[in-house]
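Numbering (the working numbering), first residue to last: 45 to 283.
Worksheet: the structure to be examined is printed underneath.
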Amino acid sequence: MLLAMRILSALMHGVFMSIATAIASDLVTPDKRSSAIAMMFTGLTVATITGVPLGTWIGQQFGWEMSFVAIAIIGLISFIGNWLVVPNDLNEYDQAPMVEQLKVFKNKSLMMIYLITALGYGGTFVVYTYLTTILTDVMHYSDNAVVILLIIYGVMVAIGNTLGGKLTNHQPTKVLVAIFTIQAMVLLFVGITVTHQFIGTIAVLLMGLFAFMNVPGLQLIVVLLQKESTKRRLILHQV
Numbered sequence: 045m046l047l048a049m050r051i052l053s054a055l056m057h058g059v060f061m062s063i064a065t066a067i068a069s070d071l072v073t074p075d076k077r078s079s080a081i082a083m084m085f086t087g088l089t090v091a092t093i094t095g096v097p098l099g100t101w102i103g104q105q106f107g108w109e110m111s112f113v114a115i116a117i118i119g120l121i122s123f124i125g126n127w128l129v130v131p132n133d134l135n136e137y138d139q140a141p142m143v144e145q146l147k148v149f150k151n152k153s154l155m156m157i158y159l160i161t162a163l164g165y166g167g168t169f170v171v172y173t174y175l176t177t178i179l180t181d182v183m184h185y186s187d188n189a190v191v192i193l194l195i196i197y198g199v200m201v202a203i204g205n206t207l208g209g210k211l212t213n214h215q216p217t218k219v220l221v222a223i224f225t226i227q228a229m230v231l232l233f234v235g236i237t238v239t240h241q242f243i244g245t246i247a248v249l250l251m252g253l254f255a256f257m258n259v260p261g262l263q264l265i266v267v268l269l270q271k272e273s274t275k276r277r278l279i280l281h282q283v
């Protein structure tokens, strides 16, 4: 049952993020769209970093069931907040049959953006998946130090995401080229310095800074390529 609920919640994640991105871009003027998207994703990035240790702590203190209760309560609060705060007069997008939606795959520009997103995220998340192991087994940090470093990493992610939104408000394509270039160099830097505790730590934190810096620009380009059917394009981009 838990596995089934996990799959169901995962299916809803992409739908929510795509709709939220479209709403965020509609709430502001065109020159602020990327910053609005960045602000929305800041919540996601911070939650990604802090949610796991917080959920673990709740489970250890009150039992694993309370972790799910806490998630349900936060979800209910978020639902009420969206219901009360998000305007009802936003732009609406026409519904389309499945055949029409599949035409998204014929757009070469969008397919390139999706490929760039997959490769860009893939490089960072491969390292992030083993980040705790790297910090403990390779850099020889204690468990308490790892928690602190992960919090700092989360702060760096939030800063990078916000900075990326501001930088990509204008000429997002050129800025994204620079961001991805630096990101590749940082990942190489991590690989070279991972056995050196101090320099390796700096490299890891730099990786956090650039990990989500590309998100607002990529989402903005998807929105700008064609406003029609934006929601389903964003759903695919989330995948």
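Every residue gets a Cβ at the ideal spot worked out from N, C-alpha and C, and that includes glycine.
- Ala64 to Met84 span [Cα, whole Å]: 8 Å
- Message: Three or more C-beta pairs under 8 Å: does that hold for the stretch 114-128 against the stretch 237-246?
- Response: no
- Message: Please classify Gly261 as buried or exposed, where buried requires at least 16 other C-beta atoms within 10 Å of its C-beta.
- Response: buried
- Is Leu250 buried or exposed, if buried means 16 or more other CB atoms sit within 10 Å of its CB? buried
- Looking only at its own chain, which residues have a Cβ that is under 7 Å from the Cβ of Leu207, when we skip the five neighbours before and after it? Met257
- Message: Is it the case that the stretch 229-237 contacts the stretch 163-180, given that we only count it when at least three CB pairs across the two stretches are under 8 Å?
- Response: yes
- Assumed close pair Thr94, Gly198 - CB separation to whole angstroms, cut-off 8 Å: 6 Å
- Going along the chain, which residues of its own chain have a beta-carbon closer than 6 Å to the beta-carbon of Ala255, five neighbours each way excluded? Thr168, Val201
- Grab me the residues of Val190's own chain with a C-beta within less than 7 Å of its C-beta, minus the 5 sequence neighbours each way, in chain order. Thr176, Leu179, Thr180
- Item | Rounded straight-line distance, which links the Cα of Asn151 to that of Leu159 | 12 Å
- Query: Buried or exposed: where does Phe149 fall if 16 or more other Cβ atoms within 10 Å of its Cβ makes it buried?
  - Reply: exposed
- Task: Only counting runs of 4 or more residues, tell me where the alpha helix (DSSP H) segments fall wholly within the stretch 61-135, in order along the chain.
- Result: 77-106, 108-129
- Item | Reduced DSSP category for Val238 - H, G, I as helix; E, B as strand; rest coil | coil
- Message: Can you look up Glu272 in the DSSP assignment and give me helix, strand or coil?
- Response: Unreliable placement is indicated for Glu272, whose pLDDT of 48 sits below 50; the coordinate value is still reported in the next sentence. Correct three-state label for Glu272: coil.
- Burial state of Ile223 (16 or more Cβ within 10 Å): buried
- Message: Taking 8 Å as the cut-off, is the beta-carbon of Met83 closer than that to any non-hydrogen atom of the ligand PLP?
- Response: This structure lacks the ligand PLP, and indeed carries no ligand of any kind.
- Query: Along the chain, where does the alpha helix (DSSP H) that runs through Met155 open and close?
  - Reply: 152-173
- Short Cβ contact (9 Å threshold) for Ala82 with Lys210: yes
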